[in-house]
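Engineer: Sharing a structure, written as structure tokens. Questions coming.
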Amino acid sequence: MHRIRSLAVLIAVCASLAGTSSAQAGSTQERVARLVNKARVTHGIRPVRVSSKLTRSSRRYARKILRSDVLAHSRHIGGGFRRTGEVIAIQSSRRPRPRRIVRMWMSSPSHRAVLLSNGFGRLGVARAYGRLGGPRRSVWVGQLGGG
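Heads up, the sequence shown is in the working numbering, so the first residue is 4 and it goes up one at a time.
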């Protein structure tokens with residue numbers, strides 16, 4: 004029964020991603036979303052859909068982290084969702100590495116709990132590059148919404 008449910012969810016993920024344009028499907032954000040959904044499906048949790056509102060909110064917050072030079076979670080996540088969650092990460096290189104970022108999030112118990120929460124149905128992901136604490140780094144922000 005578990006395998007059938009997982010297969011059905013995987014088919015739903017593939018179908019939802021098949022409708023995106025090829026330019027969009029290859030974006031860094033889409034790759035991160037696919038990897039998050041792969042982890043969710045593996046754990047028997049329904050996939051999330053990409054939200055443009057959460058993506059904009061994530062982008063604004065990633066840039067704010069660099070401007071303020073303070074790495075902390077946001078107090079306000081845009082998008083009008085009743086339930087929200089956030090995952091953040093720092094990468095030392097400019098080149099986007101979606102697999103590495105999702106692996107980092109999944110290795111952290113608190114980030115993993117957010118990504119695998121059944122209460123979220125939408126996801127926005129963004130990356131900003133700049134100085135943080137001296138060296139240049141990529142700051143990744145993933146914001147989730149539900150309810």
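Backbone N, C-alpha and C fix where the C-beta goes; we use that ideal spot for every residue, glycine too. Remember, predicted model here, so these are calculated numbers, not experimental data.
Out of R98, G83, I91, state which residue places its alpha-carbon closest to the alpha-carbon of A75.
Structural biologist: I91
Engineer: Within the continuous alpha helix (DSSP H) that includes R139, where are the two ends?
Structural biologist: Element bounds for R139: not the alpha helix (DSSP H) but the beta strand (DSSP E), 139-149.
Engineer: In whole angstroms, what is the alpha-carbon distance linking R49 and N40?
Structural biologist: 8 Å
Engineer: What residues in its chain sit with their C-beta under 6 Å from that of V117, if we drop five residues either side in the sequence?
Structural biologist: G88, V90
Engineer: Within 10 Å of its beta-carbon, does S141 have 16 or more other beta-carbons around it, so buried, or fewer, so exposed?
Structural biologist: buried
Engineer: Just tell me which of R52, T31, R103, R37 has its CA closest to the CA of G122.
Structural biologist: R52
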